[in-house]
Amino acid sequence: MSAEDWQIVWFTAWVSALSTLVILPLGLAAGLLLARRDWPGKSGVETIISLPLVMPPVATGLILLKLLGRRGALGGFLHDALHLDIIFTWLAVLVSLSVMSFPLLVRSVRVAFEEVNPRLEQIARTLGASDLRVFWAITVPLAARGIIAGMILAFARALGEFGATIMVAGNIPGQTSTLSLAIFQSVQLGQDSHAFRLLAVSVVLAFAAVWASEYLARRNRAPL
Amino acid sequence: MPAGRRRFTLERTVMNRVLSGLTAVFVAGSVCGVARAGELTVFAAASLSDALKEIAVIYQKQSGDRVVFNFGASSVLARQIEEGAPADIFFSADEAKMDGLEKLGLILKETRRSRLSNSLVIVVAADSPLQVPSADHLAGDKVKRIALADPKAVPAGVYARAYLEKARLWPAVERKIVPTENVRAALAAVESGNVDAGIVFKTDARISRKVRVTCEVKPEEGPPISYPMAVMKESSRIEAGKRFLRHLDSGEAETVFEKHGFIVRKHR
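In order, the protein sequence lines correspond to chains S and R. FYI, numbering that gives the first Met the number 0 numbers position 153 of the first sequence as 152, with every residue one higher than the one before it. FYI, numbering that gives the first Met the number 0 numbers position 135 of the second sequence as 134, with every residue one higher than the one before it.
Have a look at this one:
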């Protein structure tokens with residue numbers, strides 16, 4: 000493993016972790032709303048949130064490219080107003096990983112919230128706790144297992160993202176190259192041994208993620 | 000024979016029939032797929048796509064041979080052929096990729112020839128205010144991102160890199176490079192405005208109305224560019240392959256290549 004390889008591994012790991020953190024607040028809010036509230040058009044919102052899960056990643060990438068490109072609605076505004084370019088930078092990697100892993104997080108979080116017994120929340124309220132306090136002191140701790148499992152799932156999805164990333168971020172060595180992109184490129188260049196080294200790293204990372212989720216699930220097994 | 004066993008035997012016979020029926024369907028299907036009469040599979044550099052498609056349409060009418068293309072970066076195509084992809088002809092954008100296949104004994108040496116050449120140009124988006132009259136300007140502050148076909152492997156990128164190295168500009172621009180799948184993807188990146196400039200073949204720039212050529216690299220400033228073609232040794236249609244190569248070598252094809260901006264070296 001060369002210094003460049005370690006850079007790729009490090010970049011992939013931290014940008015995946017960052018994307019999981021970025022989508023966490025939004026994922027908690029969406030999961031809670033979907034679990035607890037009903038409103039007209041709810042199924043439409045559910046469908047839109049799930050889209051990146053079922054659409055070809057490359058198609059999602061194309062939508063992001065058109066949206067965030069210098070001539071896109073959002074990308075054009077950011078370029079003109081803030082001189083900020085997203086496409087072909089590490090920010091593009093962050094955006095595509097976030098979008099692609101968001102549905103997985105929301106699904107797990109939603110199920111976790113649905114499984115919290117509402118009676119316990121009501122009891123807390125009768126004891127005078129505010130809604131916010133009930134959420135943080137009762138709901139989140141009881142749903143923690145599912146939330147953490149969702150975060151790990153989202154993180155793992157981000158680690159392996161390929162289709163959307165290559166569309167919006169390219170594969171720039173030292174800047175936007177992730178493990179998946181680097182493996183693909185090495186195989187194309189005929190550098191199989193290099194690809195195998197990176198493959199070994201991804202196996203280790205995947206193993207660690209799954210093991211961590213199992214461990215946390217066991218440790219946090221709720222008494223209720 | 001007890002009734003139970005007889006039924007078992009009967010079921011097995013039925014299963015066997017179904018299985019062999021399915022197998023026959025699969026075999027017939029795959030044979031049809033591989034050896035469809037008069038179909039020639041050509042793996043060709045992305046930069047050749049427009050010219051070759053035009054030539055193939057005429058050739059199909061004349062000869063009755065259907066030509067199917069797999070266009071892409073020559074580096075990727077060579078790799079696919081190494082892995083056993085069913086190519087009858089390989090038409091590469093650089094000699095190195097063909098040399099690699101020749102070393103592996105995958106091509107019919109006597110069919111290999113190269114007459115086509117090309118040149119590099121610097122392009123910007125048609126509506127871009129940027130002026131890049133020479134490669135030196137690529138090193139300036141105004142150019143932040145430059146699209147090239149992957150300079151590690153894809154011919155157009157390898158040529159562009161060789162040119163920039165020769166001009167002693169590579170260290171200054173290396174951080175700005177956005178490597179793409181193939182040369183047409185570099186062209187598309189410039190068209191979209193997501194990069195400031197790009198280096199592509201002159202023939203690629205010609206097919207796009209959304210880019211503007213700001214600088215043509217003189218042949219003596221750039222590396223020698225050469226497009227070799229050959230029939231593959233593993234091809235099941237070697238004669239048809241040779242016929243198509245002869246056509247690509249003809250005056251008729253030459254006219255089409257020149258129309259698209261390729262340089263055709265004259266027969267000695």
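Ideal placement from N, C-alpha and C gives every residue a C-beta, glycine not left out. All figures in this text were calculated on a predicted structure; none of them were measured in a lab.
Review point. Among the residues of its own chain, which have a CB less than 8 Å from the CB of R:L105, if the five just before and after it don't count?
Key: Only I80, E81, M231, K232, E233 meet the Cβ criterion.
Rounded straight-line distance, which links the Cα of R:T254 to that of R:K265: Straight-line Cα distance between these residues: approximately 12 Å.
message = What does the alpha-carbon distance come out to for the pair S:I86 and S:V92?
response = About 9 Å.
Margin query: Against chain R, does S:G127 count as a neighbour if the rule is that its beta carbon must be under 8 Å from one of theirs?
Written below: Judged by the 8 Å Cβ criterion, S:G127 is not in contact with chain R.
*Can S:G189 and S:L104 be called in contact, C-beta distance under 8 Å?*
The Cβ atoms of S:G189 and S:L104 do not sit closer than 8 Å to each other.
**Report entry** R:K96 at chain S interface by Cβ criterion, 8 Å
**Finding:** With 8 Å as the cut-off, R:K96 does not count as an interface residue toward chain S.
For S:L158, tell me which candidate among S:M0, S:W5, S:D4, S:A16 has the shortest Cα-Cα distance.
Of the listed residues, the one whose Cα sits closest to S:L158 is S:A16.
- Task: Consult DSSP for R:A188 and reduce its assignment to one of helix, strand or coil.
- Result: R:A188 falls in the helix class under three-state DSSP.
Does the count of Cβ pairs from the stretch 60 to 72 of chain S and the stretch 28 to 47 of chain S closer than 8 Å reach three? Between the stretch 60 to 72 of chain S and the stretch 28 to 47 of chain S, the count of C-beta pairs closer than 8 Å stays below three; the two stretches do not touch.
- How many Å lie between S:S95 and S:T88 at the Cα? Spanning the alpha carbons of S:S95 and S:T88 requires a straight line of approximately 11 Å.
- Message: Please state the DSSP three-state secondary structure of R:A252.
- Response: The three-state reading of DSSP puts R:A252 in helix, counting H, G and I together.
Identify the continuous alpha helix (DSSP H) that holds S:I86 and give its terminal residues.
Note, S:I86: premise wrong, no alpha helix (DSSP H); not H, not E.
- Nearest-angstrom Cα separation, counted from S:T175 out to S:P10: It should be noted that the sequence gives Phe, not Pro, for residue 10 of chain S. Cα-Cα distance, rounded: 8 Å.
Q. For the 8 Å Cβ check, are there 3 or more pairs between the stretch 174 to 187 of chain R and the stretch 97 to 104 of chain R?
A. Verdict: no, contact absent.
Discussion item. Which residues in chain S have a C-beta closer than 7 Å to the C-beta of R:V75? List them in chain order.
Written reply: Under the 7 Å cutoff, chain S gives Q187.
Worksheet item: Does the beta carbon of R:N193 come closer than 8 Å to any beta carbon on chain S?
Response: At least one chain S Cβ lies under 8 Å of R:N193.
- Task: Tell me whether S:L178 is buried or exposed, calling it buried when 16 or more other Cβ atoms sit within 10 Å of its Cβ.
- Result: Label assigned to S:L178: buried.
When R:K143, R:E173, R:R144 are compared against R:V157, the one with the closest alpha-carbon:
Checked all of R:K143, R:E173, R:R144; the closest Cα to R:V157 is R:E173.
Count the other CB atoms within 10 Å of the CB of S:F101; is the residue buried (16 or more) or exposed (fewer)? By the neighbour-count definition (other C-beta atoms within 10 Å, threshold 16), S:F101 is a buried residue.
| said: Is the separation between the beta-carbon of R:K96 and that of R:S116 shorter than 8 Å? | reply: Going by C-beta atoms, R:K96 is not nearer than 8 Å to R:S116.
Are S:F154 and S:T19 closer than 8 Å when you measure CB to CB?
With a cutoff of 8 Å on beta-carbon distance, S:F154 and S:T19 are scored as near each other.
Give the straight-line distance between the Cα atoms of R:A34 and R:R236, rounded to the nearest whole angstrom.
Residue placement at R:A34 cannot be trusted, given a pLDDT of 43 that sits under 50; what the coordinates show is reported in the next sentence. Computed Cα separation, rounded: 9 Å.
- [ ] Starting from R:P178, find everything on chain S with Cβ-Cβ shorter than 9 Å and list it in chain order.
- [x] Residues of chain S passing the Cβ test: G169, N170, I171, P172, Q184.
The stretch 53 to 84 of chain S: which residues have C-beta closer than 7 Å to a C-beta of chain R, in chain order? Along the stretch 53 to 84 of chain S, the positions whose C-beta sits under 7 Å from a C-beta of chain R are G68, R69, R70, read in chain order.
- prompt: The beta strand (DSSP E) with R:A43 in it runs from where to where?
  reply: Its beta strand (DSSP E) spans residues 38 to 44.
Is S:E160 a contact residue of the ligand ATP, with contact defined as CB to any heavy atom under 7 Å?
Judged by which ligands are present, the structure shown has none, so any question about the ligand ATP falls away.
Requested in this report: Using a Cβ cut-off of 8 Å (strictly closer), state whether R:K52 contacts chain S.
Outcome: No, no contact with chain S.
State yes or no: is the beta carbon of R:R78 nearer than 8 Å to at least one beta carbon in chain S? Interface residue, yes.
Review point. Do the CB positions of S:T164 and S:L180 come within less than 8 Å of each other?
Key: Going by beta carbons, S:T164 and S:L180 fall inside the 8 Å limit.
Interface positions of the stretch 150 to 175 of chain R facing chain S (Cβ-Cβ less than 7 Å), listed along the chain:
Answer in chain order: K151, A152.
- prompt: Shorter than 8 Å from the beta carbon of S:F10 to some beta carbon of chain R?
  reply: Not one beta carbon of chain R lies nearer than 8 Å to the beta carbon of S:F10.
CB of R:E94 within 8 Å of CB of R:S113, strictly:
A contact, by the Cβ cut-off of 8 Å.
task = Between the Cα of R:T202 and those of R:A44, R:R160, R:K143, spot the shortest distance and give me the residue it belongs to.
result = Comparing Cα positions, the closest option is R:A44.
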